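Colleague: First residue of the sequence shown? That's 28 in the working numbering, and the numbers climb one at a time after it. Even for Gly, the Cβ is constructed at its ideal location relative to N, Cα and C. Remember, it's a predicted structure, so these values are computed and weren't measured experimentally. Dropping a structure here in structure tokens format, bear with me for questions.
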Amino acid sequence: MTRSETKLLLQLFNYANHTSKSMKSGVIDDALGFLNAVKVTFQNNMQKYDQFLKVLRDFSAKRIYISRVKSKLKMLFKGHKSLILEFNSFVPKKHQIKLLSLDNGELAELPWDVLDIICEKLDFDDLFSFPGVCKNWWTFHKSNFLSSQEPLLVRFTGYHTHSYSFISIHNKKVYDLNMMNCFQQPKCVYVGVSSGFFIFARENNSFVLFNPFTRKELVIHATFTVNHITIYQYQALLAFEKCSQEYVLLLLCKESSRLYAYQSRYSRWCIYSTLKPEEVVVDFVVFNNIIYVVTNNANIGVLNLNSRNIKFLNLKNTPDKLPSKTSFNLANCDDQLLLIHLQLYSRRQVYKIDLSTMNYVKMKSLGDIALFYVSRKNCRALSNPQRFGYRSNYVYEVNSFSKCGMYDWNDHRLSYYKRSAGDFNFDWCFRHFVCQGSVRSDFNLFDWCFTHLKYQVDYSLVE
Numbered sequence: 028m029t030r031s032e033t034k035l036l037l038q039l040f041n042y043a044n045h046t047s048k049s050m051k052s053g054v055i056d057d058a059l060g061f062l063n064a065v066k067v068t069f070q071n072n073m074q075k076y077d078q079f080l081k082v083l084r085d086f087s088a089k090r091i092y093i094s095r096v097k098s099k100l101k102m103l104f105k106g107h108k109s110l111i112l113e114f115n116s117f118v119p120k121k122h123q124i125k126l127l128s129l130d131n132g133e134l135a136e137l138p139w140d141v142l143d144i145i146c147e148k149l150d151f152d153d154l155f156s157f158p159g160v161c162k163n164w165w166t167f168h169k170s171n172f173l174s175s176q177e178p179l180l181v182r183f184t185g186y187h188t189h190s191y192s193f194i195s196i197h198n199k200k201v202y203d204l205n206m207m208n209c210f211q212q213p214k215c216v217y218v219g220v221s222s223g224f225f226i227f228a229r230e231n232n233s234f235v236l237f238n239p240f241t242r243k244e245l246v247i248h249a250t251f252t253v254n255h256i257t258i259y260q261y262q263a264l265l266a267f268e269k270c271s272q273e274y275v276l277l278l279l280c281k282e283s284s285r286l287y288a289y290q291s292r293y294s295r296w297c298i299y300s301t302l303k304p305e306e307v308v309v310d311f312v313v314f315n316n317i318i319y320v321v322t323n324n325a326n327i328g329v330l331n332l333n334s335r336n337i338k339f340l341n342l343k344n345t346p347d348k349l350p351s352k353t354s355f356n357l358a359n360c361d362d363q364l365l366l367i368h369l370q371l372y373s374r375r376q377v378y379k380i381d382l383s384t385m386n387y388v389k390m391k392s393l394g395d396i397a398l399f400y401v402s403r404k405n406c407r408a409l410s411n412p413q414r415f416g417y418r419s420n421y422v423y424e425v426n427s428f429s430k431c432g433m434y435d436w437n438d439h440r441l442s443y444y445k446r447s448a449g450d451f452n453f454d455w456c457f458r459h460f461v462c463q464g465s466v467r468s469d470f471n472l473f474d475w476c477f478t479h480l481k482y483q484v485d486y487s488l489v490e
């Protein structure tokens, strides 16, 4: 979305709410999301999107009154209730577009147990518009999965059909992401999820970042070739500058072992190197507003955003160099920086990085932590996982072969699910999406989305 389009929409909302003051960044983000929702809705009929912009321009130029804006938008959004509800969430009642089912206000005061039943029948797009009905529904909305901290399983189906969905294992519910259908292979290839944004690589040397929760979209043009991309070619991390809308996008290219960083404050890319032969960065994480990286030799360093340097830490008790099939990951949980070592056909190992003593401290168990691992991608950690139906001291693993597995840290045993698997919620996920023939005939990619994690970096902490 261009700034001029956003400005036009904010002018309308400011007038409707009788204020000339600048809106908060959160409202601006919501406005951007609404603009993108309109564009996505009319992506196959951009003439209607142009008509929508013309209405905004006419109002800005004082050629029409707000009552005329409302009537024009009511006709334009006919048949798209979600757009009407979202528009209504920005303006006071007297300027809202009325829907017949809401005119008498009876739905607004439905009991929460009834609203819960309604939510169970809604897909993601409808849930997104749900809080725009009234204040009561907005309050209830805060309790559903869109506002929770529950880890959601992301499922992408490819080859024969293309679709995205969120899976709430805790609620045994699937939410189809119809709004994501515009990101189709081979033109767009899924890279990952970070800070609530889906990240896609495009064949035209660009990356698209889309947040389904806010409808915000960012496009970054690359200065390097991103053609012939595959699903596992890139690993990504998105972090926002503290107290700012500026952001940093890290991309690790598995094919070339290069680490790229895009900084919006400078609008440019740079390449980071370990400056050590046969040593490459294999993962990264944000911890205490600083980006840490780990290499294939288990060396941990600090990424300096003010230069193109990686400052490696002089840690004691570094794990010995491990075989080539070893995978290292970094995770941040409860103010702990964790190094995770997942070795095929062997025991998993986790080390706590004690920065006060500059030591690797091997952990005998995960304690009250569960790990969520994506094969060949990343690993995240969650404390007190029981609140979402997961078990402490377990590793939940997913991969592109439609396999879901659990690693028990107590007996060091990994179990991939079969039809006879007996675990409650995770088994339901496996049986629902893997054992069904219609799904097994297609390609499934799984990933984890931690909706509450929005990484922030502070440039002043690293000199």
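Does the pairing of the stretch 270-278 with the stretch 321-329 give three or more beta-carbon distances under 8 Å?
Modeller: no
Colleague: Among G394, Q74, T478, K125, which has the Cα closest to the Cα of Q413?
Modeller: Start at 1 with the first residue of the sequence shown, and residue 413 comes out as number 386. The shortest Cα separation from Q413 among G394, Q74, T478, K125 belongs to G394.
Colleague: Who are the near neighbours of D56 in its chain, counting only those whose CB is closer than 7 Å to its CB and skipping five residues on each side?
Modeller: The residue labelled residue 56 in the question sits at position 29 within the sequence shown. Cβ within range, chain order: T241, K243.
Colleague: Check the C-beta distance from S195 over to L179 and give it rounded, since I have them as a contact under 8 Å.
Modeller: Locating residue 195 in the sequence shown gives position 168, counting from the first residue. Locating residue 179 in the sequence shown gives position 152, counting from the first residue. Right, the Cβ-Cβ distance comes to about 6 Å (below 8 Å), so this counts as a contact.
Colleague: Checking the sheet assignment: what are the DSSP bridge partners for S354?
Modeller: As a working note, residue 354 is residue 327 in the sequence shown. Partner(s): L369.
Colleague: By the three-class DSSP mapping on this structure, what secondary structure does N208 have?
Modeller: In the sequence shown, residue 208 corresponds to position 181, counting from 1. Helix.
Colleague: Excluding five sequence neighbours on each side, which residues of the same chain lie with their C-beta closer than 7 Å to the C-beta of L204?
Modeller: In the sequence shown, residue 204 corresponds to position 177, counting from 1. Residues F151, Y191, S192, F193, P239 of the same chain have their beta carbon placed closer than 7 Å to that of L204, with the five preceding and five following residues left out of the count.
Colleague: If you measure between the beta carbons of N336 and L488, is that distance less than 9 Å?
Modeller: Here the question's residue 336 lines up with position 309 in the sequence shown. Here the question's residue 488 lines up with position 461 in the sequence shown. Against a cut-off of 9 Å, the Cβ pair of L488 and N336 comes out as no contact.
Colleague: Under 9 Å, do A82 and L110 count as touching if we go by C-beta distance?
Modeller: To locate residue 82, count along the sequence shown from 1; it is residue 55. To locate residue 110, count along the sequence shown from 1; it is residue 83. For clarity, residue 82 is Val in the given sequence; the question names Ala instead. A distance of 9 Å or more separates the beta carbons of V82 and L110.
Colleague: Does the Cβ of N115 have 16 or more other Cβ atoms within 10 Å, making it buried, or fewer, making it exposed?
Modeller: Indexing the sequence shown from 1 puts residue 115 at position 88. The residue in question, N115, is buried, as its Cβ has 16 or more Cβ neighbours within 10 Å.
Colleague: Using 8 Å for Cβ pairs, my map puts V484 next to L245. What's the rounded Cβ distance?
Modeller: Here residue 484 refers to the residue found at position 457 of the sequence shown. Here residue 245 refers to the residue found at position 218 of the sequence shown. Wrong, their Cβ atoms sit about 16 Å apart, outside the cutoff.
Colleague: Using the Cβ count rule (16 or more neighbours within 10 Å means buried), how would you classify H479?
Modeller: If you number the sequence shown from 1, residue 479 lands on position 452. H479 should be labelled exposed.
Colleague: Return the residue from the list V308, D438, I145, F224 that minimises the CA-CA distance to S392.
Modeller: Locating residue 392 in the sequence shown gives position 365, counting from the first residue. Ranked by Cα distance from S392, the options V308, D438, I145, F224 are led by D438.
Colleague: I believe I298 touches L279 by the beta-carbon criterion, under 8 Å. Please report the beta-carbon distance rounded to the nearest angstrom.
Modeller: Against the sequence shown, residue 298 aligns to sequence position 271. Against the sequence shown, residue 279 aligns to sequence position 252. Not a contact, Cβ separation roughly 11 Å.
Colleague: Would you list the one or two residues that DSSP bridges to C297?
Modeller: Numbered from 1 along the sequence shown, position 270 holds the residue referred to as residue 297. Bridge partners of C297: A288.
Colleague: Taking C-beta to C-beta, are L264 and Y486 nearer than 9 Å?
Modeller: In the sequence shown, the residue the question calls residue 264 occupies position 237. In the sequence shown, the residue the question calls residue 486 occupies position 459. In this structure, Y486 does not lie closer than 9 Å to L264 by Cβ.
Colleague: Taking Cβ to Cβ, would you say F251 is nearer than 9 Å to N232?
Modeller: Mapped onto the sequence shown, residue 251 falls at position 224. Mapped onto the sequence shown, residue 232 falls at position 205. The beta carbons of F251 and N232 sit closer together than 9 Å.
Colleague: Taking Cβ positions, are F210 and F227 nearer each other than 9 Å?
Modeller: Locating residue 210 in the sequence shown gives position 183, where the first residue counts as 1. Locating residue 227 in the sequence shown gives position 200, where the first residue counts as 1. Yes; because the gap between Cβ atoms is below 9 Å, this pair is in contact.
Colleague: How would you write the range of the beta strand (DSSP E) that E268 sits in, first residue to last?
Modeller: Residue numbering aside, residue 268 sits at position 241 when the sequence shown is read from its first letter. 261-268 is the span of the beta strand (DSSP E), which, as asked, contains E268.
Colleague: Note the first and the last residue of the continuous alpha helix (DSSP H) segment covering K75.
Modeller: Counted from its first residue, the sequence shown places residue 75 at position 48. Residues 73-87.
Colleague: Quick one: what's got a C-beta closer than 7 Å to M390's C-beta in the same chain, skipping five residues either side?
Modeller: Along the sequence shown, one-based indexing puts residue 390 at 363. Closer than 7 Å at Cβ, skipping near neighbours: V377, Y378, K379.
Colleague: Relative to the alpha-carbon of Q262, which residue among V307, K404, N326, Q123 has its alpha-carbon at the smallest distance?
Modeller: Taking the sequence shown and counting its residues from 1, one reaches residue 262 at position 235. Answer by Cα proximity: K404.
Colleague: Taking M385 as part of the beta strand (DSSP E), name the residues at either end of that continuous run.
Modeller: Here residue 385 is taken as the residue at index 358 of the sequence shown, counted from 1. Boundaries for M385: no beta strand (DSSP E) harbours it, and the DSSP string shows neither H nor E there.
Colleague: Does DSSP put V141 in a helix, a strand or coil?
Modeller: Translated into the one-based positions of the sequence shown, residue 141 becomes position 114. Correct three-state label for V141: helix.
Colleague: Whose C-beta lies closer than 6 Å to the C-beta of Q463 among residues of the same chain, with five residues either side of it excluded?
Modeller: Position 436 of the sequence shown, counted from the start, is the residue given in the question as residue 463. The pLDDT assigned to Q463 is 43, lower than 50, so where the model puts this residue is not dependable; a value taken from the coordinates is nonetheless given after this. For Q463, there are no CB contacts under 6 Å within the same chain when 5 residues up- and downstream are skipped.
Colleague: Where do the N-terminal and C-terminal ends of the alpha helix (DSSP H) with N115 fall, by residue?
Modeller: For the purposes of this step, residue 115 is taken as the residue at position 88 of the sequence shown. Where N115 is concerned, the enclosing alpha helix (DSSP H) stretches over 108-115.
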